[in-house]
Structures are given as structure tokens and as C-alpha cells.
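Undergrad: Could you have a look at this structure, given as C-alpha cells, before my questions?
There are 2 protein chains.
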Amino acid sequence: MDDHGRHIPPASVARLTIYLRALNSLLAEGIERVSSDELADAAGVNSPILRKDLSHLGSYGTRGVGYDVQYLNRQISIALGLTQDWRVGIIGAGNLGRALAGYPGFGSRGFEIVALFDADQLVVGSEIGYLRVSDVEDLEEVLDRTRTNMAVLSVPATVAQELCDRLVAAGIRSILSFAPVVLQVPPHVQLRKVDMSTELQILAYHAQRAHEPDLDAVSRAR
Amino acid sequence: MDDHGRHIPPASVARLTIYLRALNSLLAEGIERVSSDELADAAGVNSPILRKDLSHLGSYGTRGVGYDVQYLNRQISIALGLTQDWRVGIIGAGNLGRALAGYPGFGSRGFEIVALFDADQLVVGSEIGYLRVSDVEDLEEVLDRTRTNMAVLSVPATVAQELCDRLVAAGIRSILSFAPVVLQVPPHVQLRKVDMSTELQILAYHAQRAHEPDLDAVSRAR
DNA sequence: GTCTGTGAAAGTGTTCACAGCG
DNA sequence: CGCTGTGAACACTTTCACAGAC
């Protein structure tokens, strides 16, 4: 099936980002070639699924040899759309917004943080990293001037939908939200959510099950 | 199929946490009863999957009527293991650790933050929220004294594996990591990862595709 | 009549085994 | 002979349609 370059399954896209990071680490260590076994190991997945994932992009390996680290790195970047410049605006300069602004993995790899907003007049105008905090009042104007094309929402739940609406109205089509609410966006807008209390609750579920062992047939069957 | 109370599929567990939040909102608004359509709407999913998810827990609705908000809330909490107390330690009191320590959704709903660690002597001993920052040197002792049973890793990538190993050695069996590295844990330890640059990369992929429309047959077929 | 609960069907993702290229 | 790339089998998830309780 010649999928190459088209329609990568979502589950596969998520893993490709992990392979990218693993490849960067290998590159930093001066390693130039990897087998699917080695790369899968570095990424914490099994090798058949790694090969399947890569097969969605094309045939970038050499049979009997493996993959060229630099070349594969480049091909995955292209497939994920990381060759274009992404200009990120962070809405909310609380602890979370500040943590994101200083996050090392962001600046590298095609993402540049170009705007940082807050509603608190004590914070507006102050400098965080290399950025001056803009007033959220001026959201539309600053987004436009900085040519922001991706937004991160790190604001309290109560104002998240309102700000989300303003982002959409301002033409932003990719939003990553940390607010613990369900946000409504029109279908042409990409919205992803990161929710820390959800993550803890999922951990709690599994921890609880591990504690009361052998309550279901599944664990017996394996 | 009488699954009730056993082995909830992972995809379903993730959504149950969302229903919980939606139910809490409804409760706050004084709403006592919901239909699957209404609750699905509030949670941002479709109603058949909501009913399927709830069917894994048991029959807690009334046909022709709907669900009692308070009762369903309680049943989901029980199923997810949120009735027991979870005592959370946060390793790393940088911006991210501080954001997590102050996160409103944590304290509620069964999670109590009982310890906060850092390696920086300028931060150790200072107060953040209601907590005094402990020295990561004393990790094992403080985890033990505070009876911590869940850990959040918000430390730089370079030291994440080392601290992860210490947490595991100290008997922690549930870890939520924000460090952008692949961590190795023994099979009895539950590890979840939140990775912000991965999330941005996934957004980039979809944004890029939306921009170059109609490149694949799938969009035509729908 | 309304709305839940659930089998059966469709769709998606993962594993496996091996054909085929270097 | 080693390691990639992939069809075919298997497992999991979602959707659908409707039987059955209230």
C-alpha cells in the first residue's frame, strides 16, 4: 500500500515525534546509523511498530543496514510539517505560561515563541526570557503584528472559552490548551488538550487495579 | 457482557475522567439529572460512546429518564479509584512544579500534594502555597514520612531518569513525568508522560495538512 | 413515548511472519 | 545473511441500530 506522504494515522504521528527526539539524542552522541531495533529501544516502543510507522512516510532505510540518523530525522521533520516556521503565542503568563516560555524543547525544532500575554497589569510589560509580556487587551493586534500562527492557552478555566473564541476570531487555527475545560471550536481549528488532573486520575485507576490483583480474568489469561 | 467493575478499556478510562469533570460542573450549576445526550455534549463526545463507556461500570441510569448527576459522579469516582486518598509528591519546584503545586484541580478530587522537592539550595526551605520545599537529597526520607504514593516529575531531562530510579527504589508505583525523555521503569510501576513539544508537533502536522487541502483520498471520501 | 444499555458491524491500530533488497 | 518493508491475522475502539426498562 503506497501511502507515502499522505494521511499518516494519528497514533503513528504521535510516535513519530518520539522518534524525532530519539534521533536527535543519537545525533548528539555522534551516532550516524541505527537499526530499527536500536531506534525502537531508544524510543521505548517495539521494532515492528516502528517499521510500520516509518513505512507510512516511504522507504528511507537500507535493508541489511538500517537508517541514516540525519536523513531519517530530516524526512520525519518534513512529514510532520516542521520545516515551516511555527510562531507560537502563549496566552497566560502565570507559572505554567512561564514554564512553557522557558521550555527548552520549544525554541528548537521549528517553534518560536513570539508573544506572551497576561491580563494582570502587574505582569504586563515585564520581561520573561527574551519576551515582554503583552496586555491580553491587545491580543488581536499583537498576534497580527507578530504573525503568530499557533497558540497555547495557559489561563484559568473560567476565561478559557472566551479567549479561545478571540483566538479563533483572530485567525489562529492551531490551539494547545492546558485549561481544564471542554472547549468548543469550529471544525477548521485544530485543538489539542493537555490535562494534568486527567493524567493523575488515569494513574490512580491503574494503581488501584495493581493493588487489588487478580480481580479479572484478563490478568490471569496473560 | 457483564464487565461491570472489571477491566475498563484504556480509551474509556480517559473519557471517564472528562465525564467526571462535566458532572462536577453540572452539580455546581445545581443540575440534578442529565440525559446521555446532554452529558455527552458537556463532555464534548457523542452520546453512543458515552453510554458504551458507562455500560462498563454498570447500569446506573434510568431508561426514559437519564442519570442522577450526584450518583453517577460517585460511581465513576469509585470505578476510577478516586475514593482512596492519593498523596502526591512533586519533584522539581521550577515554574512547572510551582504551576502544578498551585493547580486548582489537583487539591480537589482526592489528590493532595504533600511534598515538593528541589535541588536548588536557594529554593529549598522556601514556601510555595502551603508547602515548604524539601531538599531532593532527603527525597527518600520525606517521601516516607509524608506517605507519598504518587509522584510528579517536573525536572530537567538530564536528571529525570536518575530521579525516576530513586522514586521507584523508594517504593513509588505511579509516576507522571513532564520530562521530555523516554524513561525506563520496571513493569510494576505505572508511568505516564505529558510532553508539550510533542503536542505542538502533532498540531503542526494537522495544521500543515489543513493548509494543503485535498491531497489525499480520505478527505474526498467523507 | 423516551432514553438507556448492548450486541453486531465497521473502522482503526498492533502484532506477526516473512518476502525481498542490499 | 541481516534488516527493512509489508500483507495478513489479530485486537481494540467506535459506531450503529434497536431491544427493553421506565
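Here the protein sequences come in this chain order: S and D. Here the numbering used here is used: position 197 in the first sequence is 197, and no number is missing along the way. Here the numbering used here is used: position 46 in the second sequence is 46, and no number is missing along the way. We put the CB at the ideal spot given by N, CA and C, even for glycine.
Where does aspartate 224 of chain S land, buried or exposed, given buried means 16+ other C-beta within 10 angstroms?
TA: No answer is possible for residue 224 of chain S: it lies beyond the span of chain S, which begins at 1 and ends at 222.
Undergrad: Under 7 Å Cβ to Cβ from proline 180 of chain S, same chain only, skipping five residues before and after it: list those, please.
TA: Closer than 7 Å at Cβ, skipping near neighbours: Ala157, Asp195, Ser197.
Undergrad: By Cβ distance below 8 Å, which residues in the same chain neighbour serine 12 of chain S in space, the five residues on each side in sequence not counted?
TA: Lys52, Asp53, His56
Undergrad: Counting only C-beta atoms, is phenylalanine 106 of chain D closer than 8 Å to chain S at any point?
TA: yes
Undergrad: From which residue to which residue does the beta strand (DSSP E) around aspartate 68 of chain S run?
TA: 66-68
Undergrad: Would alanine 160 of chain D and leucine 183 of chain D qualify as a contact pair, given that the criterion is a beta-carbon distance under 8 Å?
TA: yes
Undergrad: Run down chain D in chain order and give the residues with a C-beta less than 7 Å from the C-beta of valine 136 of chain S.
TA: In chain order: nothing, as chain D lies at least about 18 Å away.
Undergrad: With burial defined as no fewer than 16 other Cβ atoms inside 10 Å of the residue's Cβ, what is the status of asparagine 73 of chain S: buried or exposed?
TA: Burial state of asparagine 73 of chain S is buried, judged by a 10 Å Cβ sphere holding 16 or more other Cβ atoms.
Undergrad: So, is the C-beta of histidine 206 of chain S closer than 8 Å to a C-beta in chain D?
TA: yes
Undergrad: Please look up how many angstroms separate the CB atoms of alanine 79 of chain S and isoleucine 128 of chain S, rounded, as I've assumed it's under 8 Å.
TA: About 33 Å separates the two Cβ atoms, so there is no contact after all.
Undergrad: Alanine 115 of chain D lies in the beta strand (DSSP E); which residues open and close that run?
TA: 111-118
Undergrad: Given valine 34 of chain D, which residues of its chain have a CB within under 7 Å of its CB, disregarding the five upstream and five downstream residues?
TA: Leu26, Gly66, Tyr67, Val69
Undergrad: Does any residue of chain S bring its CB to less than 8 Å from the CB of glycine 94 of chain D?
TA: yes
Undergrad: Would you mind working out which of D/Ser154, D/Leu143, D/Ile18, D/Arg209 sits nearest leucine 172 of chain D, comparing C-alpha positions?
TA: Sequence inspection shows isoleucine at residue 172 of chain D; the leucine mentioned does not correspond to that position. The shortest C-alpha separation from isoleucine 172 of chain D is found at D/Leu143.
Undergrad: In chain order, which continuous runs of the beta strand (DSSP E) of length 3 or greater are located wholly inside the region 137-209 of chain S?
TA: 150-153, 174-177, 190-193
Undergrad: Could you give the residue range of the beta strand (DSSP E) that holds valine 13 of chain S?
TA: Unbroken run through valine 13 of chain S is the alpha helix (DSSP H), 10-28; no beta strand (DSSP E).
Undergrad: Does any residue of chain S have a CB that is nearer than 8 Å to the CB of leucine 215 of chain D?
TA: Only weak support exists for where leucine 215 of chain D lies, its pLDDT of 48 falling under 50; the value from the coordinates is given anyway. Yes, contact with chain S.
Undergrad: CB-CB under 6 Å to histidine 7 of chain D, same chain, minus the five flanking residues each way: which ones, in chain order?
TA: none
Undergrad: Name the DSSP bridge partner or partners of arginine 87 of chain S?
TA: DSSP output for arginine 87 of chain S lists S/Glu112 as bridge partner(s).
Undergrad: So serine 36 of chain D is in the alpha helix (DSSP H); what residue range does that whole segment cover?
TA: 36-43
Undergrad: For asparagine 46 of chain D, I'd like the list of residues in its chain whose CB is within less than 7 Å of its CB, leaving aside the five on either flank, ordered along the chain.
TA: Ala40
Undergrad: For the alpha helix (DSSP H) containing leucine 50 of chain S, name the first residue and the last one.
TA: 47-55
Undergrad: Within the 8 Å Cβ cut-off, does proline 186 of chain S reach chain D?
TA: The beta carbon of proline 186 of chain S does not come within 8 Å of any beta carbon belonging to chain D, so the residue lies off that interface.
Undergrad: Rounded to whole angstroms, how far is the Cβ of phenylalanine 117 of chain D from the Cβ of leucine 139 of chain D, which I believe are closer than 8 Å?
TA: 6 Å
Undergrad: Between the alpha carbons of aspartate 165 of chain D and valine 185 of chain D, how many angstroms are there, rounded?
TA: Taking the straight line from one Cα to the other gives about 8 Å.
Undergrad: Could you tell me which of D/Tyr103, D/Gly44, D/Gly81 sits nearest to alanine 22 of chain D, measuring between CA atoms?
TA: D/Gly44
Undergrad: Please confirm if tyrosine 103 of chain D has its CB atom under 8 Å from at least one CB of chain S.
TA: yes
Undergrad: Taking the alpha-carbon of glutamine 208 of chain S as reference, which of D/Ser174, D/Leu200, D/Ile202, D/Gln201 has the nearest alpha-carbon?
TA: D/Ser174
Undergrad: DSSP has leucine 131 of chain D in a bridge; who is on the other side?
TA: D/Ile128
Undergrad: How would you list, in chain order, the residues of chain D whose beta-carbon sits under 7 Å from the beta-carbon of glutamine 201 of chain S?
TA: Thr17, Leu80, Leu82
Undergrad: Considering only residues of the same chain and omitting the five flanking positions on each side of glutamine 84 of chain S, which have a CB-CB separation below 6 Å?
TA: Taken in chain order, the list of residues that qualify is empty.
Undergrad: List, in chain order, every chain S residue whose beta-carbon is nearer than 9 Å to that of alanine 43 of chain D.
TA: Val182
Undergrad: Nearest-angstrom Cα distance between isoleucine 31 of chain D and alanine 170 of chain D?
TA: So the two alpha carbons sit approximately 44 Å from each other.
Undergrad: From S/Pro187, S/Ala115, S/Gln201, S/Gly89, pick the residue whose C-alpha is nearest to that of arginine 243 of chain D; which is it?
TA: Residue coverage of chain D in this structure runs from 1 to 222, which leaves residue 243 of chain D outside it and unanswerable.
Undergrad: Give me the residue from D/Asp135, D/Ala151, D/Ala42 with the minimum Cα distance to valine 189 of chain D.
TA: D/Ala151
Undergrad: Does the separation of the CB atoms of leucine 96 of chain D and serine 154 of chain D fall below 8 Å?
TA: yes
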